[in-house]
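Under the UniProt record's numbering, think of the first position of the sequence shown as 1, with each following residue one higher. Glycine is no exception: its CB is placed at the ideal position from the N, C-alpha and C atoms. If you're wondering where the values come from, they're calculated on a predicted model, not measured in any experiment. Worksheet for the structure shown next.
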Amino acid sequence: MPRDPRGRRRPSLERGIRFRLLVVLVLVMGGVLVFVDIAVSRLSRDFVLTRLEHDAESLITSLVVAGPDDWRITDNQLPSVYQRAHSGHYYILSGPDRTDRSRSLWDLTFEVERLLPGETRVGIRRELNGQTWLVWQLGFEKGGQVYSLWIAEDLAPLQMEQRRFESVLLLLVLVAVAVLLWMQRRVLRRGFARLKPLQRELEAHRLGIESQIPESLPEEVAPLVDALLSVLERSDQQIRRSRTALGNLSHELKRPLQQLHSLADRQSGPDDREALMRVYHQLHERIDRELRRARIAGTPSPGRRFAPAEELPYLVDMMSRLYREAPRVELDLPDVDTLPFDRDDVLELLGNLLDNACRHARSRVRLSLRRVETAWRWDVEDDGAGVVEADYERLAGRGVRLDESDRTERGHGLGLSICQAVVDSYRGEMTFDRSTLGGLRVRVVLPVP
Numbered sequence: 001m002p003r004d005p006r007g008r009r010r011p012s013l014e015r016g017i018r019f020r021l022l023v024v025l026v027l028v029m030g031g032v033l034v035f036v037d038i039a040v041s042r043l044s045r046d047f048v049l050t051r052l053e054h055d056a057e058s059l060i061t062s063l064v065v066a067g068p069d070d071w072r073i074t075d076n077q078l079p080s081v082y083q084r085a086h087s088g089h090y091y092i093l094s095g096p097d098r099t100d101r102s103r104s105l106w107d108l109t110f111e112v113e114r115l116l117p118g119e120t121r122v123g124i125r126r127e128l129n130g131q132t133w134l135v136w137q138l139g140f141e142k143g144g145q146v147y148s149l150w151i152a153e154d155l156a157p158l159q160m161e162q163r164r165f166e167s168v169l170l171l172l173v174l175v176a177v178a179v180l181l182w183m184q185r186r187v188l189r190r191g192f193a194r195l196k197p198l199q200r201e202l203e204a205h206r207l208g209i210e211s212q213i214p215e216s217l218p219e220e221v222a223p224l225v226d227a228l229l230s231v232l233e234r235s236d237q238q239i240r241r242s243r244t245a246l247g248n249l250s251h252e253l254k255r256p257l258q259q260l261h262s263l264a265d266r267q268s269g270p271d272d273r274e275a276l277m278r279v280y281h282q283l284h285e286r287i288d289r290e291l292r293r294a295r296i297a298g299t300p301s302p303g304r305r306f307a308p309a310e311e312l313p314y315l316v317d318m319m320s321r322l323y324r325e326a327p328r329v330e331l332d333l334p335d336v337d338t339l340p341f342d343r344d345d346v347l348e349l350l351g352n353l354l355d356n357a358c359r360h361a362r363s364r365v366r367l368s369l370r371r372v373e374t375a376w377r378w379d380v381e382d383d384g385a386g387v388v389e390a391d392y393e394r395l396a397g398r399g400v401r402l403d404e405s406d407r408t409e410r411g412h413g414l415g416l417s418i419c420q421a422v423v424d425s426y427r428g429e430m431t432f433d434r435s436t437l438g439g440l441r442v443r444v445v446l447p448v449p
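Have a look at this one:
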């Protein structure tokens with residue numbers, strides 16, 4: 001029995017579908033059988049009633065004069081079924097002075113209700129010997145005298161045939177249900193078998209083998225596969241960005257390490273100690289910067305959408321903790337619950353932009369969000385010294401630093417290259433220009449996926 005990693009039994013789509021189909025078939029077939037039973041019973045009853053009416057007409061027309069104002073049925077005009085004891089066909093003719101009974105009644109005696117001419121009655125009568133009779137009564141006038149004709153037929157033979165027919169029908173229904181369940185199982189397994197190539201390709205992707213997701217997938221699972229592929233693509237992009245960030249970090253650390261190596265080869269004097277400390281502080285600041293970015297990103301939540309009103313105050317609070325003299329961060333946000341972008345991606349993007357802005361700002365940083373046609377636009381601005389216009393295009397380059405001479409190493413390069421990778425993953429655009437606050441403005445436009 002397949003179980004999940006926690007040891008719990010996994011639900012089965014096939015068993016669930018088969019069970020629901022079985023319930024539907026039982027309800028439908030049960031309803032059909034009930035309908036057939038009612039319909040056949042009614043048809044049988046109507047058939048017997050019609051035959052009783054015809055027999056009554058025959059009996060009335062066979063009446064002969066037995067005396068003054070006396071009519072009776074002679075035996076030579078009776079069908080044989082009325083002369084054989086307990087044959088299942090019976091009649092009683094009740095007149096003013098006498099009552100004639102069919103020989104088939106034998107020793108059964110009971111009173112018959114007298115009816116007016118033209119009056120009829122239909123009913124069911126059950127006898128002690130287990131017979132069930134359908135009874136039809138008619139009142140009529142003959143030779144100026146009023147007679148009542150009681151005529152009945154045993155329903156047992158028809159009921160037996162009806163039960164035999166319904167038993168055969170039930171057997172056929174059970175066979176049909178079994179065949180339908182068997183066919184459904186084959187169809188489901190053949191349908192699920194079309195997902196095997198997808199399973200193999202996903203397993204190859206997990207093992208790092210180049211894979212190609214099949215295109216001919218059932219339309220019922222296509223949205224699920226598309227969502228899965230989107231998550232895998234986003235995961236691949238995040239991994240590539242992580243590798244890029246590690247490469248950038250290695251690039252940033254290479255020169256200080258080379259300087260340390262060069263100084264270590266020499267005999268260190270007082271001047272060299274000062275140089276070594278300067279290089280040490282450079283390394284410490286760059287490593288600390290990466291730790292700040294990790295804190296900004298927070299706990300990874302793949303696939304979760306970004307909620308500006310919930311996440312951005314957290315980022316602002318984080319900046320105030322990271323910098324002792326943190327600038328005032330202003331938020332200009334529309335009334336929107338969530339954005340159709342991955343939370344981790346946007347936190348990484350805005351975290352790096354706000355980190356750069358806070359490090360360069362004098363006292364103010366502004367973050368604004370606007371909807372622009374089929375895209376969302378972020379503007380991150382500061383009131384710092386800014387960057388000369390000629391260097392805007394170089395800012396997003398990998399490992400580019402526009403202030404190598406600045407010994408405090410407060411450059412934009414590493415963080416902005418990571419931001420550019422996030423923007424590229426959404427086929428967006430990141431541009432730079434002068435802010436109305438006086439410093440740099442970074443504008444990011446991400447189209448809605």
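Pairwise C-alpha distance: residue j and residue i
| i | j | result |
| --- | --- | --- |
| Gly143 | Leu105 | 27 Å |
| Pro11 | Ile17 | 11 Å |
| Ser230 | Leu22 | 37 Å |
| Ala385 | Pro449 | 35 Å |
| Ser235 | Arg304 | 13 Å |
| Phe341 | Gly31 | 52 Å |
| Asp335 | Arg371 | 11 Å |
| Arg20 | Ala222 | 24 Å |
| Glu119 | Asp46 | 19 Å |
| Tyr323 | Glu429 | 29 Å |
| Arg427 | Pro447 | 7 Å |
| Glu325 | Met319 | 10 Å |
| Ile418 | Pro197 | 35 Å |
| Met29 | Leu181 | 14 Å |
| Leu416 | Asp317 | 21 Å |
| Leu283 | Ala193 | 56 Å |
| Val423 | Arg190 | 42 Å |
Residue i and residue j closer than 9 Å at C-beta
| i | j | result |
| --- | --- | --- |
| Gly439 | Glu381 | yes |
| Glu14 | Arg185 | yes |
| Phe306 | Val365 | no |
| Val81 | Leu134 | no |
| Leu59 | Trp136 | no |
Candidates the options: closest to residue i by CA position
| i | options | result |
| --- | --- | --- |
| Leu195 | Leu180, Trp182, Met183 and Pro218 | Pro218 |
| Leu369 | Pro79, Leu331 and Gly123 | Leu331 |
| Arg321 | Leu232, Phe341, Arg359 and Val388 | Arg359 |
| Gly95 | Leu108, Val112 and His86 | Val112 |
| Gln162 | Glu233, Thr50, Arg84 and Ser44 | Ser44 |
| Asp37 | Ser435, Leu115 and Glu166 | Glu166 |
| Leu108 | Pro117, Thr120 and Gly88 | Gly88 |
| Thr436 | Ala361, Val445 and Met430 | Ala361 |
| Glu201 | Val225, Thr431, Thr50 and Leu180 | Val225 |
| Ala357 | Val26, Met160 and Asp383 | Asp383 |
| Leu115 | Trp150, Gln83, Ser363 and Trp71 | Trp150 |
| Val34 | Leu169, Met160 and Arg434 | Leu169 |
| Arg72 | Leu171, Leu27, Pro117 and Gln145 | Gln145 |
| Gln420 | Val26, Val279, Val387 and Gln238 | Gln238 |
| Gln131 | Glu233, Met160 and Val388 | Met160 |
Helix, strand or coil at residue i according to DSSP, with G and I counted as helix
| i | result |
| --- | --- |
| Val387 | coil |
| Glu14 | helix |
| Ser87 | coil |
| Phe19 | helix |
| Glu153 | strand |
| Val445 | strand |
| Thr374 | coil |
| Arg194 | coil |
| Phe47 | helix |
| Glu220 | coil |
| Phe110 | coil |
| Arg398 | Note on Arg398: pLDDT 49, under 50, position unreliable in the model; the coordinate value appears next. Looking at Arg398 - three-state DSSP - the assignment turns out to be coil, as it is neither helix nor strand. |
| Ser58 | helix |
| Leu369 | strand |
| Tyr426 | coil |
| Tyr323 | coil |
| Gln420 | helix |
| Gly118 | coil |
| Gln159 | helix |
| residue 487 | Because the chain is modelled from 1 through 449, residue 487 falls outside the range shown and cannot be assessed. |
Residue(s) in a DSSP beta bridge with residue i
| i | result |
| --- | --- |
| Leu78 | Looking at the DSSP assignment, Leu78 forms no beta bridge with any residue, so it has no partner. |
| Phe306 | Leu339 |
| Gly123 | Val135 |
| Gln63 | As written in the sequence, residue 63 is Leu, which differs from the Gln given in the question. DSSP output for Leu63 lists Ile73 as bridge partner(s). |
| Asp100 | Leu93 |
| Gln145 | Lys142 |
| Thr431 | Arg443 |
| Arg364 | Arg328 |
| Glu381 | Arg366 and Arg441 |
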